[in-house]
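Chemist: Quick note: the sequence shown, position 84, residue 381 per this note's numbering, numbers continuous.
Take a look at the following structure, please.
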Amino acid sequence: METNPPRSSTDIDGPSIQIAWKDEQSILAKWHMTKEFEQEMERKYAIPFAELPFVLRLFDLTDRNEIRNDGTDLYTDFDINHRSSEWILYGVTQGLQYCVDLGIRMVDGRFYSLSRSQLI
């Protein structure tokens, strides 16, 4: 299983993200991004930070134990507000295994992971 979160290709430390069970059917995701990182994302993508399409990608790793990026990963995307630092993810089942990527999903569907949570 992959344990190191993906990093952006910048010299600025990327965001950190943690997840925890909120109740039997939801997960609370919390993250932190520095102002320097926000500025670097604006430069990298040439889009104002407030307009970047941030997404939390919830992976179900119950039967896989790793993200393979081979087109068969089970995931659900949650569009999030750039001003938020936490989000509740619904539609999960306690007893299954999950992790979450904080990333950017472009209009054409490309997804760029900025940080990966631990497995719960």
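Heads up, the beta-carbon is just placed ideally off N, CA and C, and yes, glycines get one too.
As the structure is a prediction and not an experimental result, all values here were calculated from the model.
(1) Could you check what DSSP says for glutamine 315 in three-state terms: helix, strand or coil?
(2) Let me know the alpha helix (DSSP H) ranges lying completely inside the segment 306-380, each 4 residues or longer, listed in chain order.
(3) Rounded to whole angstroms, what's the CA-CA distance from threonine 307 to phenylalanine 334? Just pull it up for me.
(4) Using the rule of at least 16 other Cβ atoms within 10 Å of the residue's Cβ for burial, across every protein chain shown, is alanine 347 buried or exposed?
(5) Between the C-alpha atoms of serine 313 and histidine 329, what's the straight-line distance to the nearest angstrom?
(6) One question on the structure: do leucine 393 and aspartate 357 come within less than 8 angstroms of each other, judged by their Cβ atoms?
(7) Straight-line CA distance for glycine 284 to glutamine 391?
(8) Determine the contact status of alanine 326 and serine 414, defining contact as a CB-CB distance below 8 angstroms.
(9) Would you tell me roughly how many angstroms separate the C-alpha atoms of phenylalanine 375 and tyrosine 342, rounded to the nearest one?
(10) I'd like the list of long-range same chain contacts for isoleucine 385, defined as Cβ closer than 7 angstroms, with 5 residues on each side in sequence excluded.
(11) So arginine 402 and proline 350 are supposed to be a Cβ contact under 8 angstroms. How far apart are they, rounded?
Modeler: Walking through what the data contain:
(1) Locating residue 315 in the sequence shown gives position 18, where the first residue counts as 1. It is a strand residue.
(2) Listed in chain order, the alpha helix (DSSP H) runs fully inside the segment 306-380 are 332-342, counting runs of at least 4 residues.
(3) Start at 1 with the first residue of the sequence shown, and residue 307 comes out as number 10. Start at 1 with the first residue of the sequence shown, and residue 334 comes out as number 37. Low confidence applies to threonine 307: its pLDDT is 38, below 50, so where it sits in the model is not reliable, and the reading given next is rough at best. Between threonine 307 and phenylalanine 334, the C-alpha separation is close to 9 angstroms.
(4) Residue numbering aside, residue 347 sits at position 50 when the sequence shown is read from its first letter. Exposed.
(5) If you number the sequence shown from 1, residue 313 lands on position 16. If you number the sequence shown from 1, residue 329 lands on position 32. One alpha carbon belongs to serine 313, the other to histidine 329, and they sit about 6 angstroms apart.
(6) In the sequence shown, the residue the question calls residue 393 occupies position 96. In the sequence shown, the residue the question calls residue 357 occupies position 60. In contact: leucine 393 and aspartate 357 (Cβ atoms closer than 8 angstroms).
(7) Examination of residue 284 is not possible in this model, given that the chain is present from 298 through 417 alone.
(8) Counted from its first residue, the sequence shown places residue 326 at position 29. Counted from its first residue, the sequence shown places residue 414 at position 117. Against a cut-off of 8 angstroms, the Cβ pair of serine 414 and alanine 326 comes out as a contact.
(9) Within the sequence shown, residue 375 is the residue found at index 78, counting from 1. Within the sequence shown, residue 342 is the residue found at index 45, counting from 1. Straight-line Cα distance between these residues: approximately 20 angstroms.
(10) For the purposes of this step, residue 385 is identified with residue 88 of the sequence shown, where counting begins at 1. Correct list, in chain order: Lys319, Ser323, Leu325.
(11) Stepping through the sequence shown from its first residue, residue 402 is reached at position 105. Stepping through the sequence shown from its first residue, residue 350 is reached at position 53. At roughly 5 angstroms, the Cβ-Cβ gap stays under 8 angstroms, so arginine 402 and proline 350 are in contact.
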